[in-house]
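Shown next, in structure tokens, is the structure this report addresses.
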Amino acid sequence: MNDSQTDLDTWLLESFDDSATVINPDFVGELSGSESNEIQQFVEFLCEFWGLSIYLPALDDRVTNFLFQKSNFSPSYFTEYRNAAALLARVKRDSDSVDQGYTFVALEDLSTRSELNRTRLGRFRRYLFNELVIFLIAEGGFKRFTPPSGVDPAKNYKGFVGGTFIDTNNLPYRGIVF
Amino acid sequence: MNNARVAIIGSGVSGTTVADILIKRGAASQVVIFEAGPDVPVMNYRLWLDYLTTNLTPYRHCVDLKDEIDGNENLFQVRGSRLFVVGGSTRHWGGWCPRFKPEDFELESRTGYGRDWPISYEELVPFYSKAEHRLEVAGDSSRTNPPRIGAQYPIPAVSMTQKDGLVVDAFKKLGFQEYGSLPIARNKRCVTNGTCRYCRFGGRYEASISLGILQSENNVEVRPLTPVTEIVMDSKRRARGIKFYDVVEGEEKVEDFDYVIVCGGAIESAKLLLRSVSRFWPNGIGNDTGHLGAHLIAHPSIIVTGELPINPNAVEQELDFPTLECREFDTPSEQKLGGKMYFVRDGRRNRVDLARELIDGATPDELEIRLEGPVKYQFYGLVEEYESPVNRVELAPGTTQYRLPKTRVLYKTPDVTTRAKRRHIKILERILKTMGVSEDAIYSEARNPVAYHTVGTCRMSISESDGVVDRDLRVHDTDNIFVVSSASFPTVAAANPTLTLVAIATRAAEIM
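Quick mapping for you: the protein sequence lines, in order, are chains A and B.
Using the numbering used here, the first residue of the first sequence is number 2, and each one after it goes up by one.
Using the numbering used here, the first residue of the second sequence is number 2, and each one after it goes up by one.
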């Protein structure tokens, strides 16, 4: 581990903000192109890591809209997202590799750190990473985790727009007729 | 009623039903709906995203606060069961819409407990059908118990899920006949996306959506954050209007109306009449014989869960609502034994929360193993409760965050109902065993009631000596006050009450 990596880890786990809710919830705004790109790049890493990419058509548009909705309406995540974009930019700059940096901020087991929520990384995970994972799975990523071959795959999941139940020949879930 | 100016207190399903019918048949020229709680936007994408990602609904604050209920919450839980919000409790309801059965209207004649309704199932049949159309209920029209007399559901039944299949096999082995798709208020806009507690498409009946349409097209006004504090009387028989708290001006005001229709739940409807004390009604409106607030009947539930060791096809419910109901023990013979049961196979939430697992560091391979691992099957039963002389609702000192009087509830589950819960738990355990669940993998719980489905506090009766409202839901000895609420049910039955509430609301509004 190089010096900049050590400095990065310290910076990520520094005590940052005690707010129980998002910072500046009334401060709405739109992320800049570079801020948005930082987050999109991170999302692409996650999808590739978990093998979700093929299940998420038009992913960029959906994530962009997600960020727009959360930034432009109250309670606004605008400040949290700007901080998150800055965090991702520094992770890219100071890590040995981008993938290694992303892996640490997203996947490193830090559950033993009771004060994690008050750190830069804790806020990043709570307000960006965790919610993005839920969104990605709901948008179709759940299809990655299918039953064994030869068995109907799951068609539906919380948040997925499955379709109408009225079309019994093409049910949006695994159904039975009796 | 003709061309009248009408005040409706409460903006839930009954208030919305009555407003719609009165306006459309010309009985009312104007309807003003008073709602103590706020308006919360419906079908809002951002609010939906928040619910999806945080599991917090936008109406979560519209509930009773801890110090607003004086009663034993362990025995009868009010908090969280009802909402003070435009649309009332339809904002968070499940939408289950079974009809009551004919014997439910004849409890006293058949068992000696409680009272018969002064209206029969046969009289309600056409109104049940109208209620099913109003709520856009999806159901199986070929089932005939309770009798449908040719009525068709407006939406075809929701097909059961593969997870129901194992249960259906057990029902067949046990010789059950009375089971099928749960009638449920899911309409053609439902896209089964599993977030029913805040639907972004309006795929489940919500009174607030209907009210929005009513307000835009008719002379209907909804006033949120406007608690009604009293019904003001001109004489023993006639209400002059209502007294309410004007939030903008910060003072109480009186407004005149030709008719006053109370459409709160069983707790708030009784409380409004109780606090409307005058020289004409010294004990509250409709309370000369002491029945107001009394006869509170709850709807206890039982939950029986079993675990099978493997789930080879990784079946999950994949929907946010149950799809299999059983009425095998919702029968006259069970009624005679001390209380019927209506139950569903519950399973709205997926057992393996994929997103949560990934957040916590699970790998895809680990997830696949978990999906095929132990699987839970759960039955949720609603047990018919019989009346107890001690159970009632009263006014408590102080006011709530919505400027309504606080609530006192006196409640104890009747012994006969406690025995009924035990009996029905054994039935549900037997079904799980038939499915192959081992005895040591079964967990049973007899829950004390939650306040949803509460009835009886302004009960219907033929005579004023035995209740608060007549069979048309008019307060006895008055001309222009009605209580259109589950408060007017004399008994609770086993099945969910909302469809029956809409049926009696429809009937009352058509003859007002």
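Heads up, the beta-carbon is just placed ideally off N, CA and C, and yes, glycines get one too.
Task: Span separating the alpha-carbon of E367/B from that of K144/A - done: To locate residue 367/B, count along the second sequence from 1; it is residue 366. To locate residue 144/A, count along the first sequence from 1; it is residue 143. Going from the Cα of E367/B to the Cα of K144/A covers about 15 Å.
- [ ] Examine chain A for any beta-carbon lying closer than 8 Å to the beta-carbon of P157/B, and answer yes or no.
- [x] Residue 157/B sits at position 156 when you count from the first residue of the second sequence. Closer than 8 Å: yes.
- [ ] Drop a sphere of 10 angstroms on the beta-carbon of R94/A, count the other beta-carbons inside from all chains shown, and report buried for 16 or more, exposed for fewer.
- [x] For this step, residue 94/A is matched to residue 93 along the first sequence. Its Cβ having fewer than 16 others within 10 Å, R94/A is exposed.
Task: W94/B vs F106/B beta-carbon contact at 8 Å - done: Your numbering for residue 94/B matches position 93 in the second sequence. Your numbering for residue 106/B matches position 105 in the second sequence. No.
Task: Chain-ordered residues of the region 39-67 of chain A with a beta carbon less than 8 Å from chain B - done: W51, G52 and F67
Task: Alpha carbon of N220/B to alpha carbon of D65/B, nearest angstrom - done: As a working mapping, residue 220/B is identified with position 219 in the second sequence. As a working mapping, residue 65/B is identified with position 64 in the second sequence. Looking at the two C-alpha atoms, the distance is approximately 31 Å.
- [ ] Anything in chain A within Cβ reach of A356/B, meaning under 7 Å, just list it in chain order.
- [x] Position 355 of the second sequence, counted from the first residue, corresponds to residue 356/B. In chain order: V134, I135 and I138.
Open item on the list: Please list, in chain order, the residues of the region 8-36 of chain A that have any C-beta partner in chain B closer than 7 Å.
Closed with: Hits within the stretch: zero.
Open item on the list: Using CA atoms only, rank isn't needed, just tell me which of I286/B, I268/B, N481/B and E465/B is closest to A397/B.
Closed with: Position 396 of the second sequence, counting from 1, holds the residue named residue 397/B. Checking every option, the nearest Cα to that of A397/B belongs to I268/B.
- [ ] On a CA-only basis, which of K164/B, K272/B and R508/B is nearest N312/B? Give me that one, please.
- [x] To locate residue 312/B, count along the second sequence from 1; it is residue 311. Out of K164/B, K272/B and R508/B, K164/B has the C-alpha closest to the C-alpha of N312/B.
Open item on the list: For G95/B, would you say it is in contact with chain A, using Cβ-to-Cβ distances shorter than 8 Å as the test?
Closed with: Looking up residue 95/B in the second sequence gives position 94. Not one chain A Cβ lies under 8 Å of G95/B.
TODO: Check whether the Cβ of R182/A lies closer than 8 Å to any Cβ atom in chain B.
DONE: There is no way to answer for residue 182/A, as the model of chain A reaches only from 2 to 179.
- [ ] Measure the Cβ-Cβ separation of D473/B and A504/B and say whether it is below 8 Å.
- [x] Within the second sequence, the letter at position 472 stands for residue 473/B. Within the second sequence, the letter at position 503 stands for residue 504/B. Contact flag unset, no.
- [ ] List the residues of chain B that R145/A touches, going by C-beta distances under 8 Å, in chain order.
- [x] To locate residue 145/A, count along the first sequence from 1; it is residue 144. Here the neighbours are P365.
TODO: Would you tell me roughly how many angstroms separate the C-alpha atoms of G141/A and T193/B, rounded to the nearest one?
DONE: Here residue 141/A corresponds to residue number 140 of the first sequence, with the count starting at 1. Here residue 193/B corresponds to residue number 192 of the second sequence, with the count starting at 1. In this structure, the CA atom of G141/A is about 14 Å from the CA atom of T193/B.
Task: Exposed unless 16 or more other CB atoms sit within 10 angstroms - verdict on Q153/B - done: Along the second sequence, read from residue 1 onward, the residue named residue 153/B stands at position 152. Label assigned to Q153/B: exposed.
TODO: Tell me whether Y206/B sits in a helix, a strand or coil according to DSSP, three-state version.
DONE: Locating residue 206/B in the second sequence gives position 205, counting from the first residue. Reduced to three states, the DSSP call for Y206/B is coil.
- [ ] Using a Cβ cut-off of 7 Å, pull out every chain A residue sitting near M161/B, in sequence order please.
- [x] The count along the second sequence starts at 1 and reaches residue 161/B at position 160. Ordered by position in chain A, the residues that pass the 7 Å Cβ test against M161/B are G176 and I177.
- [ ] Note down, in chain order, every chain A residue with its Cβ under 8 Å from the Cβ of D165/B.
- [x] The count along the second sequence starts at 1 and reaches residue 165/B at position 164. Under the 8 Å cutoff, chain A gives I177.
Open item on the list: Could you give the first and the last residue of the continuous alpha helix (DSSP H) run that contains L273/B?
Closed with: Your numbering for residue 273/B matches position 272 in the second sequence. Its alpha helix (DSSP H) spans residues A267 to R276.
Open item on the list: Contact defined as beta carbons within less than 8 Å: I believe T112/B pairs with Q336/B. What is the distance between those atoms, to the nearest angstrom?
Closed with: Numbered from its first residue, the second sequence carries residue 112/B at position 111. Numbered from its first residue, the second sequence carries residue 336/B at position 335. Sure, about 6 Å apart at Cβ, within 8 Å.
Open item on the list: For chain A, check one thing: does any of its Cβ atoms lie closer than 8 Å to the Cβ of T455/B?
Closed with: Counted from its first residue, the second sequence places residue 455/B at position 454. No, no contact with chain A.
Task: Reference V29/A; option with closest CA among Q6/A, L68/A and T147/A - done: As a first step, residue 29/A must be located in the first sequence, where it is residue number 28. Answer by Cα proximity: L68/A.
Open item on the list: In chain order, what are the residue ranges of uninterrupted beta strand (DSSP E) at least 3 long that sit wholly in the region 478-502 of chain B?
Closed with: The region 478-502 of chain B contains these whole beta strand (DSSP E) runs: 482-484.
Task: Nearest to V168/B (by Cα), restricted to the options L429/B, S445/B and C459/B - done: Within the second sequence, numbered from 1, the residue matching residue 168/B stands at position 167. Measuring from the Cα of V168/B, the nearest candidate turns out to be L429/B.
Open item on the list: Looking at the secondary structure, which residues open and close the beta strand (DSSP E) in which T532/B lies?
Closed with: Chain B is shown only over 2 to 513; residue 532/B falls outside these bounds and no answer can be derived.
Task: Limits of the unbroken beta strand (DSSP E) element including E446/B - done: On the second sequence, position 445 is the one that residue 446/B refers to. That run of the beta strand (DSSP E) goes I443 to R448.
Open item on the list: Measuring CB atoms only, is the region 241-261 of chain B touching the region 429-438 of chain B, in the sense that at least three cross pairs come out at less than 8 Å?
Closed with: no
TODO: Show which residues of chain A have a CB atom less than 9 Å away from the CB atom of T145/B.
DONE: Your numbering for residue 145/B matches position 144 in the second sequence. Within chain A, no residue comes near T145/B; the closest Cβ sits about 17 Å away, beyond 9 Å.
- [ ] Look at the Cβ atom of A452/B, then the Cβ atom of V79/B, and state whether they are nearer than 8 Å.
- [x] Along the second sequence, read from residue 1 onward, the residue named residue 452/B stands at position 451. Along the second sequence, read from residue 1 onward, the residue named residue 79/B stands at position 78. Against a cut-off of 8 Å, the Cβ pair of V79/B and A452/B comes out as a contact.
Open item on the list: Quick check on DSSP: helix, strand or coil for R6/B?
Closed with: Stepping through the second sequence from its first residue, residue 6/B is reached at position 5. In the displayed model, R6/B falls within a strand according to three-state DSSP.
Task: Reference Q101/A; option with closest CA among G163/A, S115/A, V23/A and L47/A - done: By 1-based counting over the first sequence, the position of residue 101/A is 100. Of the listed residues, the one whose Cα sits closest to Q101/A is L47/A.
Open item on the list: Using beta carbons (cut-off 8 Å, strictly below), is N170/A in contact with chain B?
Closed with: Numbered from 1 along the first sequence, position 169 holds the residue referred to as residue 170/A. Not an interface residue.
- [ ] Could you tell me whether any Cβ in chain A is nearer than 8 Å to the Cβ of R224/B?
- [x] In the second sequence, the residue the question calls residue 224/B occupies position 223. Not closer than 8 Å to any Cβ of chain A, the Cβ of R224/B fails to qualify, so no.
Task: Cβ shell of A1/B (< 7 Å), same chain only, five flanking positions each side left out - done: Lying outside 2 to 513, the shown extent of chain B, residue 1/B is not represented and no answer is given.
TODO: Output yes if chain A places a C-beta closer than 8 Å to the C-beta of A132/B; else output no.
DONE: For the purposes of this step, residue 132/B is taken as the residue at position 131 of the second sequence. By this cut-off, A132/B is not an interface position.
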